[in-house]
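Peer 1: My structure is below; once you've seen it, I'll send some questions.
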Amino acid sequence: MNSPGWLQLLVRWSLALALGLVVGLMIGAPAAGLAVVLAYGLAMQLLNLVRLLRWLQADQIELAPDLAGPWGVLVAMIVRLYRRKQFHKQRLLRLLRELRRSTAAMPDGVVVLNPQAEILWFNRTAARLLGFRGKGDVGLRIENLVRQPEFVRYVRGGEYAMPVIVRSAMSGEQHLSLQIVPYGAGQLLVLVRDVTREARLEAMRKDFVANASHELRSPLTVISGYLETISQDPDIDPALMAPLQEMRRQSQRMTGIVQDLLELSRLESSDGDAPMQPIDVAALMAQLRQDLLARRQHPARVQVAADSGALLLGEELQIHSAFANLVDNAAKYSPPDGAVQMRWWTDEEGGHFSVTDSGIGIAPEHIPRLTERFYRVDAGRSRATGGSGLGLAIVKHVLQRHGGQLSIESEESRGSRFTCHFPAERLRKTA
Ligand code: ADP
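In this note's numbering, the protein residues as written are 589 to 1019.
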């Protein structure tokens, strides 16, 4: 390397050694002359090294020693490296500060957790909504501070696709939506939102539906009663018979809708999981079969297959209503010469109840929406068969309360299969 520092050093050393040699020759000891010069040179190098080390130990870049030759180049390089590092550090710090400031100002709460669900950081909104006190809460497990059972179950469950709604511990009026978003190496982000307004609107909607259905029930009973009495009157004008029959049919339909709406409201207002009453599914299926065969119109074949003797643990009335709805649909949407089959079986995943029909089937685009209220593939046909469009919504709610799920398989003009899946905790094996 031929940098100016090296050249300068080489020239200096050569001159000094030459001078030492000349002086040594003059006094008759050339080796001593050279040794003195070498000793001086070495001492100077050591001195430079000591100054450099002192400077580095002091950690004050502005006090850089003023050294000549390669030592000066070395100092300049260290200064350059240091400044470059400082520049990047400042830039990163600025970025981090801006990021923190923006998340702190977010209207939603954010809590960062480590894989053990211990709090690493939270913003101001999260502290306000969840009642965190400050730095002292960092390092604590989040379940120790947010103790609502729904949330504790949610954190431990590990299934974070949907948020969980809880009442605030500080004000029971306030509703919070908490959603966990996993990121990085097992780290978790908790997003906290105040959903009090949405919860209040939802409660108003439920109350309205429940009250309206309740209020409609009594006038409907009166109208149906009078229509029944009038149509049985032997003196009635025969021309009125057809309209009277139609009025009776429509009032029965309305009664059906009101009953379904009331049942849905009841299901929605019952909090928590369904109780664990033991239900004999085989007996329930036999009864549903009998009820179906007792109808004036029913599919030609109604089969029952109880492949398991396990009891289902749930609320009997609700399970009865859900299964009856599925059987009713299978009968409604099947031709008179069709077949309906009910089956109950268990496996390692849990218990399953299916209703299969050989009816009209459902086009794939309708399947995801069938459990919405009032959703009907063919509204005209459903009305003609007395359908309210609420049956499958009821089934879905009942299953939710039992920790279960509904699956639907169907092929147009071949038939459908509706299966209720229950978790293994809802089963009791019989000997
Ligand atoms: P509805 O009272 O109209 O039967 P449901 O909520 O029970 O209401 O069902 C919603 C819609 O799903 C029905 O209108 C019908 O179009 C369709 N559906 C339900 N079950 C069947 C079935 N077994 N076969 C064909 N279509 C069905």
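Beta carbons are placed, not taken as given, at the ideal position from N, Cα and C, and that holds for glycine. Predicted model, so just to flag it, every value in this text is computed and none were measured.
Please confirm whether any heavy atom of the ligand ADP lies closer than 7 Å to the CB of Val915.
Peer 2: False, no ligand heavy atom lies under 7 Å from that Cβ.
Peer 1: Give the straight-line distance between the Cα atoms of Gly719 and Met758, rounded to the nearest whole angstrom.
Peer 2: The straight-line gap from Cα to Cα measures roughly 7 Å.
Peer 1: Thr1007 bridges to which residues according to DSSP?
Peer 2: Paired residue(s): Ser942, Ser995.
Peer 1: Just grab the DSSP bridge partners of Val935 for me.
Peer 2: The residue asked about is misnamed: residue 935 is Asp in this sequence, not Val. Partner(s): Gly938.
Peer 1: In the structure shown, what three-state DSSP assignment does Ala787 receive?
Peer 2: Residue state, collapsed to three classes: helix.
Peer 1: Under 7 Å: does the beta carbon of Leu958 sit that close to some heavy atom of the ligand ADP?
Peer 2: Yes - the ligand ADP has a heavy atom lying nearer than 7 Å to the Cβ of Leu958.
Peer 1: Which of the three DSSP states, helix, strand or coil, is assigned to Met750?
Peer 2: In the structure shown, Met750 sits in coil (DSSP, three-state: anything other than H, G, I, E or B).
Peer 1: For the beta strand (DSSP E) containing Pro770, name the first residue and the last one.
Peer 2: Looking at the DSSP string, the run of the beta strand (DSSP E) that includes Pro770 is 763-771.
Peer 1: Under three-state DSSP, which class holds Leu1015?
Peer 2: Three-state DSSP puts Leu1015 in a strand.
Peer 1: Is Ala918 near the ligand ADP, going by C-beta to nearest heavy atom under 7 Å?
Peer 2: Yes.
Peer 1: Taking 7 Å as the line, does the beta carbon of Ser801 fall inside it for any heavy atom of the ligand ADP?
Peer 2: No; taking the cut-off as 7 Å, the Cβ of Ser801 has no heavy atom of the ligand ADP nearer than that.
Peer 1: If you draw a straight line from the C-alpha of Asp859 to the C-alpha of Arg682, how long is it?
Peer 2: Taking the straight line from one Cα to the other gives about 49 Å.
Peer 1: Between the alpha carbons of Thr1018 and Leu899, how many angstroms are there, rounded?
Peer 2: When rounded, the distance between both Cα atoms is 7 Å.
Peer 1: Please list, in chain order, all residues of the same chain as Ala1012 whose beta carbon is under 6 Å from its beta carbon, the five residues on each side excluded.
Peer 2: Gly938.
Peer 1: For Trp709, which beta-bridge partners are listed by DSSP?
Peer 2: Bridge partners of Trp709: Val700.
Peer 1: Considering only the alpha carbon of each residue, which of Arg805, Arg639, Asp647, Val667 lies closest to Leu655?
Peer 2: When only C-alpha atoms are compared, the closest one is Arg639.
Peer 1: List the residues that DSSP assigns as beta-bridge partners of Arg755.
Peer 2: In the DSSP output, where bridge partners are listed per residue, Arg755 has His763.
Peer 1: Against chain C, does Leu603 count as a neighbour if the rule is that its beta carbon must be under 8 Å from one of theirs?
Peer 2: Any reference to chain C falls outside this structure, which holds one protein chain only.
Peer 1: Per DSSP, what kind of secondary structure is Leu630 in: helix, strand or coil?
Peer 2: Helix at Leu630.
Peer 1: Give me whichever residues DSSP pairs with Val778 in a beta bridge.
Peer 2: Partner(s): Val699, Ile768.
Peer 1: I need the boundaries of the beta strand (DSSP E) containing Gln865, first residue and last residue.
Peer 2: First-last of the beta strand (DSSP E) with Gln865: 865-867.
Peer 1: For Gly722 and Arg741, I'd like the C-alpha separation in whole angstroms.
Peer 2: About 25 Å.
Peer 1: Which residues in the same chain have their Cβ closer than 7 Å to the Cβ of Leu808, if we skip the five residues on either side of it in sequence?
Peer 2: Contacts found: Ser839, Met842, Thr843, Val846.
Peer 1: Give every residue of the same chain whose Cβ lies closer than 7 Å to the Cβ of Gly774, excluding the five residues on either side of it in the sequence, and list them in chain order.
Peer 2: The answer, listed in chain order, is Pro703.
Peer 1: Thinking Met792 and Leu876 are a contact (beta carbons under 8 Å), I'd like their distance in whole angstroms, please.
Peer 2: Actually they do not touch by this definition, with Cβ atoms about 36 Å apart.
Peer 1: Can you list, in chain order, the residues of its chain with a C-beta nearer than 6 Å to that of Ala798? Leave out the 5 residues immediately preceding and following it.
Peer 2: Ser853, listed in sequence order.
Peer 1: In chain order, what residues of the same chain lie with their CB nearer than 7 Å to the CB of Leu651, ignoring the 5 residues before and after it?
Peer 2: Within the same chain, Leu651 has close Cβ partners Trp643.
Peer 1: Suppose contacts are defined by Cβ-Cβ distances below 8 Å. Is Pro560 in contact with Arg1016 by that definition?
Peer 2: This structure leaves residue 560 out entirely; the chain is present only between 589 and 1019.
Peer 1: Helix, strand or coil for Val928? Go by DSSP, reduced to three states.
Peer 2: Strand.
Peer 1: Under 8 Å, do Ile621 and Gly608 count as touching if we go by C-beta distance?
Peer 2: Just to set this straight, residue 621 is Gly in the shown sequence, not Ile. Their beta carbons are under 8 Å apart, which means Gly621 touches Gly608 by this criterion.
Peer 1: Alpha carbon to alpha carbon, how far is Gly813 from Thr784?
Peer 2: Cα-Cα distance, rounded: 44 Å.
Peer 1: Using the Cβ count rule (16 or more neighbours within 10 Å means buried), how would you classify Leu595?
Peer 2: Exposed, since its Cβ has fewer than 16 Cβ neighbours within 10 Å.
Peer 1: Could you tell me if the beta carbon of Gly979 falls within a distance shorter than 7 Å of some heavy atom in the ligand ADP?
Peer 2: Answer for Gly979: yes, Cβ within range of the ligand ADP.
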